[in-house]
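Asks: One structure is given below, represented as structure tokens, and several questions about it will come after.
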Amino acid sequence: MAGSQLKQLKASLKAAGLTGQTNIKKKGKKHSRKTPNETRKDDKLEKLAKIREQFNPFDVKVTRNKRADAIAKKTAVGKPGISKQAGEEARKADWDRKMSKKNKVGGLRDRRLGENDSSLTAEEKALERFTKERQRLASKASLYNLDDDDDDAGLTHFGQSLSMGFTGTDDQSDHGDIEEADDDDGEDFFGKKRKITDLPEEPQRKKTKAEVMKEVIAKSKYYKHERQKLQENIMEQVTSLDEDFGDVMSDLRGVKAPKTNGIQPKSEADIKYDMKVKEVALDRRAAPADRTKTAEELAKERQDQLAKMEADRLRRMQGDDAEDGEQRGDADDLDGDFWAGDSENEEDGFRIKDSDDEAAGEGDESGDEADDKPSARDRSDGKPATITIGGKVITLKGHSSSIGKCPSTLDELLALTEGVSYDEVIPIIRKVFQTYQPRMGAGNKEKIGVFLCVLVKYILHLGDAEFKEEERENYTLLIEYISKIIRDVAEKYPDELLAEFRSQITSIQQRIETRDPLEYPKKSDLIFYTVVGRTFSTSDMYHLVVTPTLILIGETLEYLSPDKYPTHLFSGVYLCALYLQYQRLSKRLMPEAINFMERAFLALIPEPEKLGNYESLATRVRQPKRTKHSLKSTTSLPSDLKPLRISNWSVSTQPQLANLLAELVSILDESSSLIFKDKSSFIEISKPFITIMKHLVIYHASTPSIPNLLSKLNNLARIAQQDRVPLTLQSHRAIAIPTYVPRFEENFNPDRKSYDPDRTRQEISKLRHQIKQERKQNMREIRKDAQFEAREQIKRKKKEYEEYHSKMARIINSIQTEEGHDKNVYEREKRARKGKK
Amino acid sequence: MDSLDILMKLIVVESDFLGPNLKEPFFANLSFRELLKNLLITGKSEEIDSEDGTIDNFLILEFQESYYNKFWDIRFFFFNELKSILEEDQFNPESTTTNTTSPSQQQLFYSNILTLFKPTAPYDPTTVDPKTKLLPKSPPQPTLTSTPPAQSQNTKQFNANFEKTWLKLLNLPLTPQQYKTTLLILHKRLIPYLNNPTKLMDFLTESYNQGLQTKDISISILALNGLWELMRAYNLEYPDFFIKLYAILTPQLLHLSYKSRFLRLLDLFMTSTHLSSAMVASFIKRLARLCLTCPPAGIISVIPFIYNLLKRHPTCMLLIHAPEELENGGAGYVDPFDEDEKDPAKTNALESSIWELECMMGHYHPNVASLAKILGQKFNKYSYNIEDFLDWNYSKLLETELGKKFKGELTLEFERWDSLIGGGAEVVDGESESAGNGDGVNSTYLKGFEY
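So the sequence lines, in the order shown, correspond to chains A and B. Counting from 1 along the first sequence, just add 1 to a position and that's the residue number in our numbering. Counting from 1 along the second sequence, just add 973 to a position and that's the residue number in our numbering.
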């Protein structure tokens, strides 16, 4: 269409047949006449609307998309005005429906006081309810309240009201009530009479609601009054009875009671009965939980506990530092065990058995402040206490000497044990623990904590001490006992023990730093490492005591020179064995131990200068030389392993050296099957040892352990060789390289939304997109709804306001009219009177 | 000692009065030479310190304290005359005269000089006037004699003497300790005073090779340090450098206290990205092998080093990630690494893997283990700062451990042992009641030993 808007309009109107000549009769279109006028009119309107719409460019909205425009796609055309209108109408309908249902349909209406008032706190609500309640009660109780406007309960005579009709302001219904209330017509009061006489004149009209209510109130008041009267009567009677009571009592006292001879001796049956009753009363109620657990249940419980501990241990071994509270709880569980002295975990090993029962012990220890006097118990009972170590039962001699105070330093303990043989020290220590049981007095816990540290020092002191051959057994027992105690009590004193062990570690470190073979290693150091291993969980990845101890062991192994000092050789072998024990679960590698074992072998093997293929050794590049510990080629190895004695660690005789070599072989055997076997570089680790073993076999082929070990190492190495594959440590997803150039899509297609080759991922992202869209839409709808509601409310309020005001205006208007009318009447009257006059 | 005193006084008197002219400066050269000659061969070879090759000779110490350290002219003429002494027959190894001193005597001689020379520098080179090469006038150097010759003020002259003397001295047969000490003081005490430091190259090469031959790699490491200095400053060329470098990677390396010095240098040498990856792989593989027997400090320094190398030479990632072989089934795979090969370019290390470091993920020290795990993680970090990892040792590790806070957990061994240390079977057999407990009770914590 061309031309101006007006021309266009004209043209389109004309085209629609709305302007120009109407009712053109078209030939051959007769039937169109049949169409009724109404529909024609509608047609016209429709056409007009269409034209209007066509000429209003603001009613349509075209979403323009530059890419889509370029390829001449269909554009979406929206009609915002219309759709808005439609939305509005739908909302309106909704709203109306809601409003019509409001307060009519469904649900409970909460009419509790203040329940819907969010500005009130719970307390205020309660207060309000309380006051309301009180008010209600008060209004009920206001029977005798003179201010009460309820004058029915006013003056009465024999329950009848004295108000006699001329209480003029009272409306009719009131009298009707009274008439209803008392229907005997015996006593006629004047007013009443008149009323009654009035009554038949009127037809029985229906009572109004107010009348009914009045009636009900009056009735209830009447009944209440009756009740009160009754109550008063009762009270009167009670008081009179009370007054008479004294008299009655005095009368009663006057009466002689029949003579009885005090308490009658109870018959046998009675006594029995009483006893039974007492028994039943005192008997504890049967507690259902105290069932004796069966052996299987006990075993299962123990199994569970162990499994839990094992799980904890595993977790720590992996190094996941999760909760520690549980661990503490664990320790607390075991709390009582040590003191009780007969718990189950004591049972399986080492037990302190008190031959007298617990109660006696308690009685004894209650008098702990008087600890300077020798305990009565130890002497009084003939049976001495026993200790079980590893199946041996040792009877302790009754040690009756007193313990002055809890030893707080090593010197004090040494002074206490001076001149006492080793076997008598155990009772002393036991005595200390008994005397200073934490539950026996305040401060004892701290004392025992200190004493524990002293014990650690003492065991190290003992480790260094020389002892005679005949004392060996007792000495062993003592050390075992102390280490056992340290392990058991450690649960309760982690802080003290940690400090103590740390100070020991520091002192050992300082001694290592001196590089003096006399200063380090000492026998006590070996004992120390062993005690640590026994006490603490060595498989943990991180442990506050074990990790430093391991570092120390590593440093020691690095520092020791097995070819120079026999003590070094011995300690090294000992530490290797200990290392094996430490790592028996966690199987961690200690390069120093590998290194040391090799060096120790080289120091011990006979004729090292003939060792072939020395290049394969891991520790040296030169042909090893003969050392002063090299075995003679004629020395034979012991066939069975005898335990090596720490006490003669400095001996370097041929049998001792042979023993050491045999021990070393067994350690290597065990460690290769326990630890090295699973390592991916077993081949590299075992290579030097295979070389050494090959050399050793030449001299000790008759000793079965050596050829066995050699073949074992060879086998393991062969298996490792078969299993060997290159590492694939970086098998995680490749690291993305960030690009800053926009990606060029090869087969670009504007219709495609995603180029993701992964179908599932594409699906997921599509769904995610949809969710987002939906969410947006819904948010928009909700917002519109809220706005609509707000608008409606405002509208309603305005309407109400208007209504109110118009109503008020109307009322005022009518009053004014009335007034005006009355005034007019008055005026007229006045004028008329004037006129009369 | 008294005679030393008297002799020195005589020299002073001689210098003062026996000169051609009383006013002319003069130093009693000949007498001083005789004195030195006799002084320097005193002492016993047992007195040589096994640690650093110096000698505990009281005469020398006295001489050093009363004269050498105090007086400049003594220092000057010391080197002046020492040169002449060394030029004499008895120190000339080629001379056929029977007068030649034995190597042990020469070592003694050398340690005497070393003792004298080691503690202090001859002069402060920063105060020397760069043009005239004369010593500063303002704080006059204390001299023993009242009128020393003018030439003694010239540092150039001194340096010439000094250089000749040292080159001669270094040709003497030295003990390993003397080598080490000399190499240690090389940078501070020797090179600044030489007119032409490249002349030291022979000595350094010699000691480097000697270190490799005697398998005492600490000498080699120290010599390497000096060689590097020369290569950097004087463009020295060195054949087969990397082969010799590779030879230093012996099992001792990570146990030495010089390891950080070496690793720093190695890091420097390996900075180039133009090295062949086969060679770099050999170095990595060898270092990893050394970790199997070395203390944690060594492992701590090696792992970040290897990380950096891998980062710099991504082809070497095959050492930790070679999935092709696994795809082939992995059967029949044999580690192609040739550990006896001397040339790092020919060891086939690139087709191998560093299982050794994978093992270290199970190291007993938790920090080492977690450090080893970085090889299994993404290589996101650009590089590690090597310096942070080099200077660890046991006491430092222990200090860190002991510094940790106690957080309430001190977990205990839950297995209960009947006894701590026991002889084995003899104790166990009585143990029948505990066997039924299913506790896994091993009755003895540590078998095979007793008190």
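Every residue gets a Cβ at the ideal spot worked out from N, C-alpha and C, and that includes glycine. Predicted, not measured: the structure shown is a model, and the values here were computed from it.
Classify Tyr-741 (chain A): buried if its beta carbon has 16 or more other beta carbons within 10 angstroms, exposed otherwise.
Replies: Taking the first residue of the first sequence as position 1, residue 741 (chain A) is located at position 740. So Tyr-741 (chain A) ends up on the exposed side.
Asks: Check whether the region 1326-1342 of chain B touches the region 1236-1245 of chain B, counting contact only when three or more Cβ pairs, one atom from each stretch, lie closer than 8 angstroms.
Replies: As far as the Cβ criterion goes, the region 1326-1342 of chain B does not touch the region 1236-1245 of chain B, which means the pair count is below three.
Asks: Looking only at C-alpha atoms, which of A:Arg-488, A:Val-421 and A:Ile-487 sits nearest to Phe-468 (chain A)?
Replies: In the first sequence, residue 468 (chain A) corresponds to position 467, counting from 1. Closest option to Phe-468 (chain A), Cα to Cα, is A:Val-421.
Asks: Met-598 (chain A): buried (16+ other C-beta within 10 angstroms of its C-beta) or exposed?
Replies: Within the first sequence, residue 598 (chain A) is the residue found at index 597, counting from 1. It counts as buried.
Asks: Is Ile-1276 (chain B) closer than 8 angstroms to Leu-1323 (chain B) when the C-beta atoms are compared?
Replies: Translated into positions along the second sequence, residue 1323 (chain B) becomes position 350. Translated into positions along the second sequence, residue 1276 (chain B) becomes position 303. The answer is no: Cβ separation not under 8 angstroms.
Asks: Return the residue from the list A:Val-63, A:Val-547, A:Thr-636 and A:Ser-484 that minimises the CA-CA distance to Pro-656 (chain A).
Replies: Walking along the first sequence from the start, residue 656 (chain A) turns up at place 655. Per the Cα distances, A:Thr-636.
Asks: Since Pro-1339 (chain B) meets chain A, which of its residues come closer than 7 angstroms, beta carbon to beta carbon?
Replies: Taking the first residue of the second sequence as position 1, residue 1339 (chain B) is located at position 366. What Pro-1339 (chain B) touches in chain A: Gly-320, Met-542, Tyr-543 and Thr-548.
Asks: Between the C-alpha atoms of Lys-215 (chain A) and Glu-801 (chain A), what's the straight-line distance to the nearest angstrom?
Replies: Your numbering for residue 215 (chain A) matches position 214 in the first sequence. Your numbering for residue 801 (chain A) matches position 800 in the first sequence. In a straight line, the C-alpha of Lys-215 (chain A) is about 36 angstroms away from that of Glu-801 (chain A).
Asks: Say whether chain D places a C-beta atom closer than 8 angstroms to the C-beta of Cys-1289 (chain B).
Replies: Within the model displayed, chain D is absent; protein chains A and B are what it includes.
Asks: Tell me whether His-1336 (chain B) sits in a helix, a strand or coil according to DSSP, three-state version.
Replies: Along the second sequence, read from residue 1 onward, the residue named residue 1336 (chain B) stands at position 363. Strand.
Asks: Using a beta-carbon distance below 8 angstroms, is Asn-1281 (chain B) in contact with chain A?
Replies: Position 308 of the second sequence, counted from the first residue, corresponds to residue 1281 (chain B). No, its Cβ sits nowhere closer than 8 angstroms to a Cβ of chain A.
Asks: Mapping DSSP to helix, strand and coil, what is Ile-1293 (chain B)?
Replies: Position 320 of the second sequence, counted from the first residue, corresponds to residue 1293 (chain B). Coil at Ile-1293 (chain B), not helix or strand.
Asks: From Leu-1283 (chain B) to Phe-1362 (chain B), what distance separates their C-alpha atoms?
Replies: Here residue 1283 (chain B) corresponds to residue number 310 of the second sequence, with the count starting at 1. Here residue 1362 (chain B) corresponds to residue number 389 of the second sequence, with the count starting at 1. In a straight line, the C-alpha of Leu-1283 (chain B) is about 17 angstroms away from that of Phe-1362 (chain B).
Asks: Does the Cβ of Leu-846 (chain A) have 16 or more other Cβ atoms within 10 Å, making it buried, or fewer, making it exposed?
Replies: Residue 846 (chain A) falls outside the range modelled here, since chain A spans only 2 to 838, and no answer is possible.
Asks: Would a C-beta distance cut-off of 8 angstroms place Ser-572 (chain A) and Pro-522 (chain A) closer than the cut-off?
Replies: As a working note, residue 572 (chain A) is residue 571 in the first sequence. As a working note, residue 522 (chain A) is residue 521 in the first sequence. Contact flag set, yes.
Asks: Whole angstroms is fine: what's the gap from Ser-221 (chain A)'s alpha carbon to Gln-229 (chain A)'s?
Replies: For the purposes of this step, residue 221 (chain A) is taken as the residue at position 220 of the first sequence. For the purposes of this step, residue 229 (chain A) is taken as the residue at position 228 of the first sequence. When only Cα atoms are considered, Ser-221 (chain A) and Gln-229 (chain A) end up about 12 angstroms apart.
Asks: Can you tell me the Cα-Cα spacing of Ile-979 (chain B) and Ser-504 (chain A), whole angstroms?
Replies: Along the second sequence, one-based indexing puts residue 979 (chain B) at 6. Along the first sequence, one-based indexing puts residue 504 (chain A) at 503. A straight line joining the alpha-carbon of Ile-979 (chain B) with that of Ser-504 (chain A) spans about 57 angstroms.
Asks: May I ask which residues mark the beginning and end of the alpha helix (DSSP H) holding Cys-407 (chain A)?
Replies: Locating residue 407 (chain A) in the first sequence gives position 406, counting from the first residue. Neither: Cys-407 (chain A) is in no alpha helix (DSSP H) and is coded neither H nor E.
Asks: Which residues bound the alpha helix (DSSP H) around Ser-13 (chain A)?
Replies: Numbered from 1 along the first sequence, position 12 holds the residue referred to as residue 13 (chain A). Where Ser-13 (chain A) is concerned, the enclosing alpha helix (DSSP H) starts and stops at 6-16.
Asks: Give me the DSSP bridge partner(s) of Thr-418 (chain A).
Replies: Here residue 418 (chain A) refers to the residue found at position 417 when the first sequence is read from its first residue. For Thr-418 (chain A), which the question treats as bridged, DSSP gives no partner whatsoever.
Asks: Return yes when the Cβ of Leu-1156 (chain B) is within less than 8 angstroms of the Cβ of Leu-1195 (chain B), no when it is not.
Replies: Counting from 1 along the second sequence, the entry for residue 1195 (chain B) is found at position 222. Counting from 1 along the second sequence, the entry for residue 1156 (chain B) is found at position 183. Yes; because the gap between Cβ atoms is below 8 angstroms, this pair is in contact.
Asks: Decide yes or no for the touch test of the region 1305-1318 of chain B against the region 549-567 of chain A: beta carbon pairs closer than 8 angstroms, at least 3 of them.
Replies: At 8 angstroms Cβ cutoff, the stretches do not touch.
Asks: Hey, Ile-487 (chain A) and Leu-453 (chain A) are a contact pair by Cβ (cut 8 angstroms); roughly how many whole angstroms apart?
Replies: Indexing the first sequence from 1 puts residue 487 (chain A) at position 486. Indexing the first sequence from 1 puts residue 453 (chain A) at position 452. Their Cβ separation, rounded to whole angstroms, is 7 angstroms, which keeps Ile-487 (chain A) and Leu-453 (chain A) in contact under 8 angstroms.
Asks: Output yes if chain A places a C-beta closer than 8 angstroms to the C-beta of Asn-1065 (chain B); else output no.
Replies: Mapped onto the second sequence, residue 1065 (chain B) falls at position 92. Because Asn-1065 (chain B) carries a pLDDT of 48, less than 50, the predicted location of this residue cannot be relied on, and the following value inherits that uncertainty. Using beta-carbon distances, Asn-1065 (chain B) does not count as an interface residue toward chain A, since no partner is under 8 angstroms.
Asks: Under 8 angstroms: do the region 1259-1268 of chain B and the region 1314-1332 of chain B share three or more Cβ pairs, one atom per stretch?
Replies: Yes, the region 1259-1268 of chain B touches the region 1314-1332 of chain B.
Asks: CA-CA distance, His-544 (chain A) and Leu-1203 (chain B)?
Replies: Taking the first residue of the first sequence as position 1, residue 544 (chain A) is located at position 543. Taking the first residue of the second sequence as position 1, residue 1203 (chain B) is located at position 230. Rounded to the nearest whole angstrom, the C-alpha separation of His-544 (chain A) and Leu-1203 (chain B) is 49 angstroms.
Asks: Quick check on DSSP: helix, strand or coil for Lys-785 (chain A)?
Replies: Counting from 1 along the first sequence, the entry for residue 785 (chain A) is found at position 784. Lys-785 (chain A): helix per DSSP, three-state reduction.
Asks: Check whether the Cβ atoms of Thr-550 (chain A) and Val-574 (chain A) lie closer than 8 angstroms to each other.
Replies: Looking up residue 550 (chain A) in the first sequence gives position 549. Looking up residue 574 (chain A) in the first sequence gives position 573. Taking 8 angstroms as the Cβ cut-off, Thr-550 (chain A) and Val-574 (chain A) do not qualify as a contacting pair.
Asks: Ordered along the chain, which non-local residues of its own chain (more than five positions away) have a Cβ less than 6 angstroms from that of Glu-520 (chain A)?
Replies: Working through the first sequence from its first residue, we reach residue 520 (chain A) at position 519. Only Arg-512 meet the Cβ criterion.
Asks: Identify the contact partners of Ala-1295 (chain B) in chain A, using a Cβ-Cβ distance below 9 angstroms as the criterion.
Replies: Taking the first residue of the second sequence as 1, we reach residue 1295 (chain B) at position 322. Result: Val-726, Pro-727, Leu-728 and Thr-729.
Asks: So, are the CB atoms of Leu-461 (chain A) and Asp-424 (chain A) less than 8 angstroms apart?
Replies: Taking the first residue of the first sequence as position 1, residue 461 (chain A) is located at position 460. Taking the first residue of the first sequence as position 1, residue 424 (chain A) is located at position 423. Not in contact: Leu-461 (chain A) and Asp-424 (chain A) (Cβ atoms no closer than 8 angstroms).
Asks: Would Tyr-1367 (chain B) count as contacting chain A if we go by Cβ distances under 8 angstroms?
Replies: For this step, residue 1367 (chain B) is matched to residue 394 along the second sequence. By this cut-off, Tyr-1367 (chain B) is an interface position.
Asks: Against Ile-606 (chain A), what residues of chain B qualify as contacts under a CB-to-CB distance less than 9 angstroms, listed in chain order?
Replies: As a position in the first sequence, residue 606 (chain A) is number 605, starting the count at 1. In chain order: nothing, as chain B lies at least about 18 angstroms away.
Asks: Within 10 Å of its beta-carbon, does Arg-113 (chain A) have 16 or more other beta-carbons around it, so buried, or fewer, so exposed?
Replies: On the first sequence, residue 113 (chain A) is found 112 positions in, with the first residue counted as 1. So Arg-113 (chain A) counts as exposed.
Asks: Inspect the beta-carbon positions of Thr-1384 (chain B) and Ser-587 (chain A) and report whether they are closer than 8 angstroms.
Replies: Sequence index remark: in the second sequence, residue 1384 (chain B) carries index 411 (1-based). Sequence index remark: in the first sequence, residue 587 (chain A) carries index 586 (1-based). The answer is no: Cβ separation not under 8 angstroms.
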